[in-house]
DNA sequence: GCAAGGTC
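Have a look at this one:
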């Protein structure tokens, strides 16, 4: 009896071998240069084994083995209507470059009785396992397939995984298969449609590939949102009292001690002036309090992939993709652990000592490592994430021979590792509070008592700033008392590090692919990089803004440029994993929805074309502003000193801006503890809320919305009378109006997230032209309770299936909660509870024990029939609007998946739809032929747009719809 | 010439 073990990658195959074999194995080459086969005997007990030495072979694949594509008929762009790709057959085959990997499996499986799958313990791993099984079964029908599950490469777990191997989880594999098919179909449909549509209409884009992807577009959406936020920013002037006193410090040097006003600053100059006058008339200061407290600067958490990319981008100024590529190289050289991990906590049995020991030879951090070995070591902090597959990124060896960027990345990872194995930095802060004419001012200083991890981690800045001696009760007269003017500062464009964080928080891409998506939107010329001094920002191109704004003007239920659609796909995959849906259901449901989105996009594509054209050529101020920014960037081409730093003008000189920052804000490090993409100065605004101006309109709400202050949770008009616009947190968005007189967008309204600044999701959207935003004056919270967001009513997701049942269990995201069974040993084992169905990154952490007889537990295919009923009802009550008709027959009152006129089209849903829906040539717009055989080809780009596309395509779309309904 | 996800 022989057991064939297959890991997801060669490194894991080797690690498993080292553990199971006890260090004694033979190795053979495989047909593939990167893969080796390891042979040894292992004592596999019953029931799997016979309790005696069993021949084991361990090998690996290189991730997914198969790839999918359309058949020959549909692979050529001009051979079919993009719409037909929604239903075209998909072929699965082993990729060309992986044929040798397949051959190795075939060779080994022929002579094995058991196939043991050792892929990573996640959905993708389960799918890769199913691919391996299918290849092996082709040559050995009776091979027994077992799945070894392990969450860390440690001996106890690996042995246990082998001995308790069970079955592959077909549901997880199915979920991945659905995701793959959806990504391919949706990506291909929209990419071909957009590319061919724009190429013939806009001469500059004649050669341009205009792709759509469910991750690409939301990524671009974040960049455009932030660009718009910067454009719409309205600086607001504030005033504050500045107090300074000259004192000699401990070294006998004179210095000015600056005191901050407790009120921070006020937006009302009159009140600030009155308070200032009182201080000026009676400037005697009395020291009320001198307080010294211990303070801690926390050491960094263990390093995840996302963190590595962000730190690398911020501290080393490298593109996230480059950081990851280098980490990958170092991993292959054997000096870094696996670099794609979501885990920021170490396993209990992790061997820190020997790893730290390896670094003691380095001439930069060797001494520090030795100190850790000699007793300064402290176990790393635990983060909250664990992918159960890989430990945090850490150095596995010492490397003294690296140079360039490899050296810098290795140094960052190693210093971070050593820092995380150190003690926190400790210090003492002294706060002095004084009173002048009943106004309070304070200053503080820091004395670092133990630098600890800071010694090895220079990326974190924490510096001494001792306060000269003050005594409680002491009286003095300040050297300076001034009324100063300042201004809230403009937000910056996104940096790549910001974007990585936004994508991570919104579940766009995975730790391994986030960087690729960013690189992709740059490659597609949707976004360019803009260097400003030492920081690189992401500036959307005219094409990028034109596309996003164009699509935003089309009234989709779920915008193509927002993260919701991707989140919905994730949610549905989870339903498949949980057995609440089957693959076919979510495929049908999702494809039907996208067909409707496509029909709408096609019908209204003129809006997108106009928007792109406007940004490329239009005379509007917003368009010219963007063109100017793009051209300035090109023209500058790195010219020194041209950049202004991105922040808006501050009225009060250099000192003002610093004064506005939160207390103790000397955290100038790489911690991602705020959302840098949001307008700065918000803390100042909030501080002023507590001022004496309770009835003043200024300063009550967030900046930029002075006229709308307090007008949160506005109801959306048009098609959503009962609904509200939601942000990316799925909370009611708030409206704001651009007021800056010199802004190209002045007077324009936009939607943004209602949360406090440092918690905002990054959502930004211009209100549509002509959209009337009513101001009922209710709070966002009230709105949320009363009205459903439009998505909830119109989206045919699983959320709606049981809508109307009062006993639904919903998580805090308002998603249908998933039922989970406790597997952990203990008194609750076997009990069920409800949890948030979102992926761990987006989870709201909802928890509720399930009770017996809870109707939610019966969710299953039988509920599927309710979808249509529920949807019809909500659709009707929602007022319908232009987008509420079935795409199959064109009638309102039902959706395509329950179309009573289905047979009218003849054939399958896709087949019939294809011919009628959009069967015209892209070049001339006529039906009866495809663009590659267009008889009107000679018309050229200039003739095509005139009239034909603009009025024609829209009118045709509608008439076809009606015709089908007859 | 399309996507996103693995990995090398």
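Numbering (the UniProt record's numbering), first residue to last: 1 to 966. For every residue, glycine included, the Cβ atom is placed at its ideal position computed from N, Cα and C.
Beta-carbon spacing of residue i, residue j below 8 Å
i	j	result
residue 65	residue 3	no
residue 466	residue 445	yes
residue 126	residue 168	yes
residue 134	residue 299	no
residue 567	residue 507	yes
residue 557	residue 306	no
residue 314	residue 497	yes
residue 372	residue 393	no
Buried versus exposed call for residue i [16 or more other C-beta atoms within 10 Å across all chains shown]
i	result
residue 665	Confidence in residue 665 is poor, its pLDDT being 32 and thus under 50, which makes the residue's placement unreliable; the coordinate value appears in the next sentence. Label assigned to residue 665: exposed.
residue 54	buried
residue 156	exposed
residue 658	Unreliable placement is indicated for residue 658, whose pLDDT of 28 sits below 50; no coordinate value is reported for it.
residue 403	exposed
residue 207	exposed
residue 291	exposed
residue 807	Note that residue 807 scores a pLDDT of 39, beneath 50, so its modelled location is shaky; the value from the coordinates is reported in the next line. Classification of residue 807: exposed, given that the 10 Å Cβ count is below 16.
residue 286	exposed
residue 93	exposed
residue 918	Confidence in residue 918 is poor, its pLDDT being 43 and thus under 50, which makes the residue's placement unreliable; the coordinate value appears in the next sentence. Classification for residue 918: buried.
residue 391	buried
residue 477	exposed
residue 563	buried
residue 495	buried
residue 384	exposed
residue 593	buried
residue 395	buried
Inter-residue spacing [alpha-carbon to alpha-carbon] between residue i and residue j
i	j	result
residue 347	residue 381	11 Å
residue 308	residue 277	52 Å
residue 517	residue 848	36 Å
residue 821	residue 580	14 Å
residue 21	residue 320	38 Å
residue 95	residue 101	10 Å
residue 473	residue 461	34 Å
residue 240	residue 256	18 Å
residue 368	residue 521	42 Å
residue 374	residue 360	11 Å
residue 130	residue 145	9 Å
residue 86	residue 598	10 Å
residue 345	residue 49	34 Å
residue 8	residue 37	13 Å
residue 328	residue 334	10 Å
residue 433	residue 258	12 Å
residue 468	residue 410	41 Å
residue 58	residue 39	7 Å
residue 62	residue 10	7 Å
residue 364	residue 456	9 Å
residue 627	residue 545	11 Å
For residue i, the nearest candidate out of the options (CA to CA)
i	options	result
residue 981	451, 234, 140	Residue 981 is absent from the model: the chain starts at 1 and stops at 966.
residue 618	542, 513, 557	542
residue 77	282, 117, 195, 103	195
residue 246	479, 612, 514, 566	479
residue 190	390, 178, 217	217
residue 337	372, 140, 398	398
residue 68	88, 51, 52	88
residue 389	339, 358, 432	339
residue 554	58, 56, 606	606
residue 176	482, 151, 576	576
residue 242	343, 311, 265, 250	265
residue 111	56, 530, 593, 515	56
What are the complete beta strand (DSSP E) segments, minimum 3 residues, inside the region 526-600?
If we require 3 residues or more, the beta strand (DSSP E) runs fully inside the region 526-600 come out as 527-532, 535-540.
Counting only runs of 4+ residues fully inside the region 177-257, write out the alpha helix (DSSP H) ranges in chain order.
216-232
Enumerate, from N- to C-terminal direction, the unbroken alpha helix (DSSP H) stretches of 4 or more residues contained entirely within the UniProt domain "Toprim" (2-151).
10-20, 72-75, 99-109, 123-139
Give the list of continuous beta strand (DSSP E) stretches no shorter than 3 residues that lie fully inside the region 294-382.
none
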